[in-house]
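Chains as they are written, first to last, in my numbering: chain Y, 44 to 152; chain F, 44 to 152. Think of the CB as a built atom: it goes at the ideal place given N, C-alpha and C, for glycine as much as any other residue.
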DNA sequence: GCCAATATATAGATTGACTATGGATAGATT
DNA sequence: AATCTATCCATAGTCAATCTATATATTGGC
């Protein structure tokens, strides 16, 4: 049996970066935001999220800062960098090109 | 450096199955068809294609038959099975749900 | 004779997302 | 006080899918 993924592989980084264009957020909040905006269709598991955030940090696309949440918890807030914004733009247009291409293949006749 | 995929991962089986709804085809022809219909955006590498076809055979979603091509070469023609047609339907609707969800996340504000 | 295009296939590497686990704290409930 | 739920971070190990690279073989054109 094929394991049903909670995400379309290859789209996670883009979703995270996009989420951070709205406001800096901690990891848990990013996952919540994606889940909520997608009406529970997209669920980002912790084992996908945190490695992804490490990747993004390493690439310099986000930066992180420890802060207190409104509820007084310690959390790591991620902010989009200019390089991250540029990267997001590229991923978005690449994604649109791909989706359009897939659409053409899926068209009838 | 991130390797740029020629496909949106997770969509290959769907693309192959869809291609076979038009007519039975050999592997090389499937790749050609996807490439052409997508205006060269989607390129299915051999190392992706043939393993994918093996998976589909194993799942019973396609069946294969050795034949001669129009140009007199020996080639393996793949045909969609009823189970494959059903599978394609499920993958298509799942895909649409995902794309719609991603679209919501990518919307501004 | 040689080369490009057609045709199949596997081995091995890489990537990305998953499961499973470990930790810690706040706030509410019992 | 103890326990539970939700919030929060992170890593190790696994698995599946795609990629690169390679091997083989045939047809047709130059």
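Can you grab the Cα-Cα spacing for the pair residue i / residue j, in whole Å?
i	j	result
residue 50 of chain Y	residue 115 of chain F	44 angstroms
residue 135 of chain Y	residue 110 of chain F	43 angstroms
residue 151 of chain F	residue 117 of chain Y	29 angstroms
residue 147 of chain F	residue 89 of chain F	34 angstroms
residue 94 of chain Y	residue 72 of chain Y	15 angstroms
residue 126 of chain Y	residue 60 of chain Y	11 angstroms
residue 82 of chain F	residue 142 of chain Y	12 angstroms
residue 139 of chain F	residue 101 of chain F	26 angstroms
residue 131 of chain Y	residue 55 of chain F	24 angstroms
residue 53 of chain Y	residue 149 of chain F	15 angstroms
residue 133 of chain F	residue 113 of chain Y	43 angstroms
residue 96 of chain F	residue 97 of chain Y	35 angstroms
residue 48 of chain F	residue 137 of chain F	22 angstroms
Within its chain, find whatever has a CB closer than 8 angstroms to the CB of residue i; leave out the 5 residues flanking it on each side and keep chain order.
i	result
residue 68 of chain F	62, 76, 120 and 121
residue 103 of chain Y	124, 126 and 127
Excluding the five sequence neighbours on either side, which residues of its own chain have a C-beta within less than 7 angstroms of the C-beta of residue i, listed in chain order?
i	result
residue 44 of chain F	With a pLDDT of 33 at residue 44 of chain F, under the threshold of 50, the modelled position of this residue cannot be trusted; read the value that follows with caution. Cβ neighbours of residue 44 of chain F beyond the five flanking positions: none.
residue 123 of chain Y	60, 63, 64 and 105
residue 79 of chain Y	none
For a contact meaning CB atoms closer than 7 angstroms, what does residue i contact in chain F?
i	result
residue 144 of chain Y	81, 82, 84 and 85
residue 53 of chain Y	48, 51 and 52
residue 73 of chain Y	Simply none; closest approach about 11 angstroms.
residue 140 of chain Y	84
So for residue i, helix, strand or coil by DSSP?
i	result
residue 148 of chain F	helix
residue 92 of chain Y	helix
residue 65 of chain Y	helix
residue 119 of chain Y	strand
residue 84 of chain F	coil
residue 44 of chain F	Reliability fails at residue 44 of chain F, whose pLDDT of 33 lies under 50, so the model's placement of it is uncertain and the value that follows must be treated cautiously. Three-state result, residue 44 of chain F: coil.
residue 108 of chain Y	strand
residue 100 of chain Y	helix
residue 113 of chain F	coil
residue 52 of chain Y	coil
Short of 6 angstroms in beta carbon distance, which residues of its chain neighbour residue i, apart from the five on each side in sequence? Order them along the chain.
i	result
residue 58 of chain F	77
residue 108 of chain F	120
residue 161 of chain Y	With chain Y covering only 44 through 152, there is no way to say anything about residue 161 of chain Y.
residue 87 of chain F	74 and 77
Going along chain F, which residues have a C-beta under 8 angstroms from residue i?
i	result
residue 132 of chain Y	What residue 132 of chain Y touches in chain F: nothing, since even the nearest Cβ is about 12 angstroms away.
residue 61 of chain Y	148 and 149
Please identify the residue among the options whose C-alpha is closest to the C-alpha of residue i.
i	options	result
residue 99 of chain F	F:140, F:70 and F:149	F:70
residue 144 of chain Y	F:138, F:48, F:85 and F:52	F:85
residue 128 of chain Y	Y:87, Y:79 and Y:66	Y:66
Taking C-beta pairs closer than 9 angstroms, name the residues in chain Y that residue i reaches, listed in chain order.
i	result
residue 58 of chain F	145, 148 and 149
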